[in-house]
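What follows is one structure encoded as structure tokens, with my remarks underneath.
In UniProt numbering, the protein residues as written are 1 to 497.
What follows is the structure, given as structure tokens:
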């Protein structure tokens, strides 16, 4: 009788009845076909993926088996001891690793206060470190803690203040979550959550951040898993599975949980992250100085097979392709015609800034007037869209209530977000109001978005995103260097003699 591979569709009842009538010679014939079929399927299975960049010695069956294979007790003890000894000698001196000090008083109360201050510092640092390099974060962290040294101080800040302090770090939603979380904790009685389950209820705190705070500040024996930890674990166990796969991620958490040192959970978790950040790096790991190289299966595999490299672990995940979009930005400088010529100086002019919506990309941040485009557009179309925005939202409608002093194309640049590659066109428009600035936007229904007028110095000192700072810098350099070929300037009619 024919034996079907497990992945083949089941035969119909009619086919089963027909095969029962096959004579012995026919059975031999079909058995031969079946044997050949199984052989072919086996060859296909063995050859599957050989054209990929991963080494041939890494088989799918091994990946699955390795993920279910926990560390032995002996390896667990060795890894804990080796990593903690190495960490004690080599940890970087980072401001968020220094324990907070409190005034003398009741010992138990002091301990709780110190733990909560430590938890706040760990929280701020871990949020800042998401998608941002350590050296960049250090200065931001120090300035943040100087301005808002405790959870209570942060809870009293405004979103605009927080965004200004965050300017340049990117991923501004992180800053908003810190503020919302601080307000939530203070409103609930100011006691900082000290367990993973309680921490997960705070806006913006996920499994990793909850584990970091709970283990480092409160000595909870819980794991952490970030990109560095995944890389270290994948190499220790020679796991080449997709590190983004949900099942794989779940198993990495199991492995990390097994390794956590019960006496020093916070230090151990930091040692894993430190190893991944400094020695067990993505492209050039320093295996000769690694404290756990003797337990590293990836290193063993690479030693025994020249086609295998330590950097083959974990599997390289193809990043999602960034979508392209376009934006036209108009830096609007407004001067006041109500002043006489002796009063009209550069310091009297103001720049128009608008606030983005409270939801979506760069929520609640300030920028120059801009329009996002569905596709690339020529200069005339971009100017038409900007004119519509200025008229609809601000009633700036030359020549009715203002005159154009100059309008010039400054240039363009590309700004990259996580999943977006945005081409930004920059234009500089100088307007003179026919009335005074105090009459600007006074009509009912005109103010459809939050806005403000600032002088050049105020704009320069304001906390702006890197893209908006780039736009402002381009315009200032442009003003110093002169006009472009795509300019519109007011011309006075010559006097006839």
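A virtual CB, placed ideally from N, CA and C, is assigned to each residue, including glycine.
**Message:** Going by C-alpha to C-alpha distance, which of 79, 233 and 366 sits closest to residue 461?
**Reply:** Here residue 461 is taken as the residue at index 461 of the chain shown, counted from 1. The shortest Cα separation from residue 461 among 79, 233 and 366 belongs to 366.
**Request:** Decide if the segment 282-296 is in contact with the segment 384-402; the criterion is three or more beta carbon pairs, one per stretch, under 8 Å apart.
**Result:** no
**Cutoff 8 Å; reference residue 207; Cβ partners in own chain excluding five residues on either side** = As a working mapping, residue 207 is identified with position 207 in the chain shown. Within the same chain, residue 207 has close Cβ partners 196, 200, 225 and 253.
**Asked** Leaving out the 5 sequence neighbours to the left and right, which residues in its chain are closer than 8 Å to residue 375 when beta-carbon positions are compared?
**Response** In the chain shown, the residue the question calls residue 375 occupies position 375. So the qualifying residues of the chain are 326.
**is_contact[residue 453, chain D] using C-beta, thresh 7 Å** = Among the chains in the structure shown there is no chain D, since it carries only a single protein chain.
**Item:** alpha helix (DSSP H) segment containing residue 138, residue limits
**Value:** The residue labelled residue 138 in the question sits at position 138 within the chain shown. 134-147 is the extent of the alpha helix (DSSP H) around residue 138.
**Asked** How is residue 419 classed by DSSP in three states: helix, strand or coil?
**Response** Counting from 1 along the chain shown, the entry for residue 419 is found at position 419. DSSP places residue 419 in coil when its eight states are reduced to three.
**Asked** Would you report the Cα separation of residue 80 and residue 216, rounded to the nearest angstrom?
**Response** Residue 80 sits at position 80 when you count from the first residue of the chain shown. Residue 216 sits at position 216 when you count from the first residue of the chain shown. Looking at the two C-alpha atoms, the distance is approximately 16 Å.
**Item:** Under 7 Å between C-beta atoms of residue 410 and residue 315
**Value:** The residue labelled residue 410 in the question sits at position 410 within the chain shown. The residue labelled residue 315 in the question sits at position 315 within the chain shown. Not closer than 7 Å, so no.
**Message:** Assuming the contact rule is C-beta atoms closer than 8 Å, residue 413 and residue 424 should be a hit. Round their C-beta distance to whole Å, please.
**Reply:** If you number the chain shown from 1, residue 413 lands on position 413. If you number the chain shown from 1, residue 424 lands on position 424. Confirmed, Cβ separation roughly 6 Å.
**Message:** Pop quiz: residue 458 and residue 430 are said to be a contact at Cβ under 8 Å. What is the actual Cβ separation, rounded to whole angstroms?
**Reply:** For this step, residue 458 is matched to residue 458 along the chain shown. For this step, residue 430 is matched to residue 430 along the chain shown. Actually they are not in contact, since the Cβ atoms of residue 458 and residue 430 sit about 18 Å apart, beyond 8 Å.
**Prompt:** By DSSP, does residue 456 sit in helix, in strand, or in coil?
**Reply:** Here the question's residue 456 lines up with position 456 in the chain shown. Here residue 456 sits in helix by DSSP.
**Asked** Which residue comes first and which comes last in the beta strand (DSSP E) that contains residue 306?
**Response** Taking the first residue of the chain shown as 1, we reach residue 306 at position 306. Neither: residue 306 is in no beta strand (DSSP E) and is coded neither H nor E.
**Asked** In terms of alpha-carbon separation, which member of 165, 125, 184 and 454 lies closest to residue 152?
**Response** The sequence position of residue 152 within the chain shown is 152, counting from 1. Comparing Cα-Cα distances from residue 152 to each of 165, 125, 184 and 454, the minimum goes to 184.
**Prompt:** Just reading off the beta strand (DSSP E) that residue 355 is part of, what are its end residues?
**Reply:** Locating residue 355 in the chain shown gives position 355, where the first residue counts as 1. Segment 350-355, the beta strand (DSSP E) holding residue 355.
**Option in 259, 359 and 175 with minimal Cα separation from residue 203** = Position 203 of the chain shown, counted from the start, is the residue given in the question as residue 203. Ranking 259, 359 and 175 by Cα distance to residue 203 puts 175 first.
**Message:** Output needed for residue 385: all residues of its chain with C-beta closer than 7 Å, excluding positions within five of it in sequence on either side, in chain order.
**Reply:** The residue labelled residue 385 in the question sits at position 385 within the chain shown. If we look at residue 385 and ignore the five residues flanking it on each side, its Cβ neighbours are 328 and 371.
**Asked** What is the DSSP secondary structure of residue 251, reduced to helix, strand or coil?
**Response** Along the chain shown, one-based indexing puts residue 251 at 251. In the structure shown, residue 251 sits in a helix (DSSP, three-state: H, G or I).
**Prompt:** Does the separation of the CB atoms of residue 256 and residue 223 fall below 7 Å?
**Reply:** Taking the first residue of the chain shown as position 1, residue 256 is located at position 256. Taking the first residue of the chain shown as position 1, residue 223 is located at position 223. For residue 256 and residue 223, yes; Cβs fall inside 7 Å.
**Prompt:** If you compare alpha carbons, which of 242, 380, 428 and 434 is closest to residue 480?
**Reply:** Along the chain shown, one-based indexing puts residue 480 at 480. It is 428 whose Cα lies nearest to the Cα of residue 480.
**Request:** Mind the definition here: the segment 236-250 touches the segment 144-158 only if three or more C-beta pairs lie below 8 Å; say whether that holds.
**Result:** no
**Contacts around residue 234, its chain only, beta-carbon distance under 7 Å, and the 5 residues preceding and following it disregarded** = By 1-based counting over the chain shown, the position of residue 234 is 234. Within the same chain, residue 234 has close Cβ partners 243, 313 and 314.
**Prompt:** What do you reckon, are the CB atoms on residue 159 and residue 300 nearer than 7 Å?
**Reply:** Here the question's residue 159 lines up with position 159 in the chain shown. Here the question's residue 300 lines up with position 300 in the chain shown. Result no, Cβ atoms of residue 159 and residue 300 do not sit closer than 7 Å.
**Prompt:** Could you give the distance in angstroms between the alpha-carbon of residue 40 and the alpha-carbon of residue 231?
**Reply:** Numbered from 1 along the chain shown, position 40 holds the residue referred to as residue 40. Numbered from 1 along the chain shown, position 231 holds the residue referred to as residue 231. Bear in mind that a pLDDT of 33 at residue 40, under 50, signals an unreliable position, so the number given afterwards is only what the model happens to contain. If I take the Cα positions, the gap works out to 36 Å.
**Request:** May I ask which residues mark the beginning and end of the beta strand (DSSP E) holding residue 334?
**Result:** Taking the chain shown and counting its residues from 1, one reaches residue 334 at position 334. Taken as a continuous stretch (DSSP letters only), the beta strand (DSSP E) holding residue 334 covers 323-336.
**Request:** Name the one or two DSSP bridge partners that residue 370 has.
**Result:** Residue numbering aside, residue 370 sits at position 370 when the chain shown is read from its first letter. In the DSSP output, where bridge partners are listed per residue, residue 370 has 329.
**Item:** Alpha-carbon to alpha-carbon, residue 126 and residue 140
**Value:** Position 140 of the chain shown, counting from 1, holds the residue named residue 140. Position 126 of the chain shown, counting from 1, holds the residue named residue 126. So the two alpha carbons sit approximately 12 Å from each other.
**Asked** When DSSP labels each residue in this structure, what does residue 287 get in the three-state scheme?
**Response** If you number the chain shown from 1, residue 287 lands on position 287. Helix.
**Spatial distance of residue 262 from residue 163 (CA atoms)** = The sequence position of residue 262 within the chain shown is 262, counting from 1. The sequence position of residue 163 within the chain shown is 163, counting from 1. The straight-line gap from Cα to Cα measures roughly 38 Å.
**Request:** Report the rounded CA-to-CA distance for residue 198 versus residue 187, giving the unit in angstroms.
**Result:** Along the chain shown, one-based indexing puts residue 198 at 198. Along the chain shown, one-based indexing puts residue 187 at 187. Approximately 15 Å, taken between the alpha carbons.
**Item:** residue 454 and residue 351 closer than 7 Å at C-beta
**Value:** Your numbering for residue 454 matches position 454 in the chain shown. Your numbering for residue 351 matches position 351 in the chain shown. Yes, they are a contact pair.
**Request:** Using a threshold of 7 Å, state whether the C-beta atoms of residue 229 and residue 169 are closer than that.
**Result:** One-based indexing of the chain shown puts residue 229 at position 229. One-based indexing of the chain shown puts residue 169 at position 169. Not closer than 7 Å, so no.
**For residue 412, the residue or residues it bridges with in DSSP** = Walking along the chain shown from the start, residue 412 turns up at place 412. Answer is 425, bridged to residue 412.
**Message:** Pop quiz: residue 274 and residue 87 are said to be a contact at Cβ under 8 Å. What is the actual Cβ separation, rounded to whole angstroms?
**Reply:** As a first step, residue 274 must be located in the chain shown, where it is residue number 274. As a first step, residue 87 must be located in the chain shown, where it is residue number 87. At roughly 6 Å, the Cβ-Cβ gap stays under 8 Å, so residue 274 and residue 87 are in contact.
**Message:** According to DSSP, simplified to helix, strand and coil, what is residue 404?
**Reply:** Working through the chain shown from its first residue, we reach residue 404 at position 404. Three-state DSSP puts residue 404 in a strand.
**Cβ-based neighbour list, residue 76, same chain, cut-off 8 Å, excluding 5 preceding and 5 following** = The residue labelled residue 76 in the question sits at position 76 within the chain shown. Correct list, in chain order: 258 and 259.
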